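Residue numbers (my numbering): 9 to 163.
Here you go:
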């Protein structure tokens with residue numbers, strides 16, 4: 009069974025500025041800094057943000073997984089990562105992919121940060137898909153929005 013969940017957040021900042029964070033490893037490092045109760049560890053194991061980069065993400069409660077950047081499209085502002093070890097894969101999923109898109113509405117003034125999780129439960133595997141949530145990525149998008157739209161004196 010294939011499924012997906014998504015979240016979109018409008019940001020009054022140009023898409024290029026938002027992509028500077030999303031198109032690299034900076035987003036994960038910022039998430040750890042801004043959401044320490046949720047993201048307790050981000051280790052870059054290989055790469056510098058290009059396709060093939062591997063990171064280990066540790067969430068609160070000891071839930072950890074390794075993800076690999078499988079797509080980094082700077083022109084269309086799309087990045088995809090796939091879990092390659094641990095986390096939901098250990099719980100039975102055969103696919104756990106996260107896609108981040110920064111969609112320019114007005115290139116200088118407005119964009120949408122869209123986060124989508126795609127997952128696949130193999131036939132015959134019992135898995136409670138209600139535990140798959142885009143909330144963490146929605147929280148990260150909100151942190152980035154707040155940081156990029158804060159008055160200069162508050163940054």
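Where a beta carbon is used, it is the ideal one built from N, C-alpha and C, also for glycine.
Remember, it's a predicted structure, so these values are computed and weren't measured experimentally.
Alpha carbon of residue i to alpha carbon of residue j, nearest angstrom
{"i": "residue 156", "j": "residue 49", "result": "23 Å"}
{"i": "residue 86", "j": "residue 10", "result": "21 Å"}
{"i": "residue 101", "j": "residue 22", "result": "36 Å"}
{"i": "residue 107", "j": "residue 78", "result": "10 Å"}
{"i": "residue 29", "j": "residue 121", "result": "11 Å"}
{"i": "residue 206", "j": "residue 158", "result": "Outside the displayed range of the chain (9 to 163) lies residue 206, so it cannot be described from this structure."}
{"i": "residue 12", "j": "residue 116", "result": "30 Å"}
{"i": "residue 40", "j": "residue 46", "result": "8 Å"}
{"i": "residue 154", "j": "residue 36", "result": "16 Å"}
{"i": "residue 71", "j": "residue 15", "result": "22 Å"}
{"i": "residue 161", "j": "residue 19", "result": "A caution first: residue 161 carries a pLDDT of 48, below 50, which makes its placement in the model too unreliable to give a value."}
{"i": "residue 94", "j": "residue 42", "result": "24 Å"}
{"i": "residue 81", "j": "residue 69", "result": "33 Å"}
{"i": "residue 150", "j": "residue 132", "result": "37 Å"}
{"i": "residue 73", "j": "residue 118", "result": "33 Å"}
Integer Cβ distance of residue i from residue j, believed to fall under 8 Å
{"i": "residue 152", "j": "residue 67", "result": "No, residue 152 and residue 67 are not in contact; Cβ-Cβ is about 18 Å, not under 8 Å."}
{"i": "residue 140", "j": "residue 127", "result": "6 Å"}
{"i": "residue 135", "j": "residue 142", "result": "Not a contact, Cβ separation roughly 17 Å."}
Reference residue i, options the options, closest by Cα
{"i": "residue 64", "options": "117, 43, 89", "result": "89"}
{"i": "residue 230", "options": "24, 84, 75, 118", "result": "Within the shown structure, residues of the chain are numbered from 9 to 163, placing residue 230 beyond reach of any answer."}
{"i": "residue 144", "options": "62, 124, 51, 34", "result": "124"}
Margin query: Under 8 Å, with one C-beta from each stretch per pair, do the segment 55 to 70 and the segment 111 to 125 reach the 3-pair mark?
Written below: no
Note to self: List, from N- to C-terminal side, the alpha helix (DSSP H) runs of 4 residues or more that fit wholly inside the segment 86 to 143.
What the structure shows: 95 to 98
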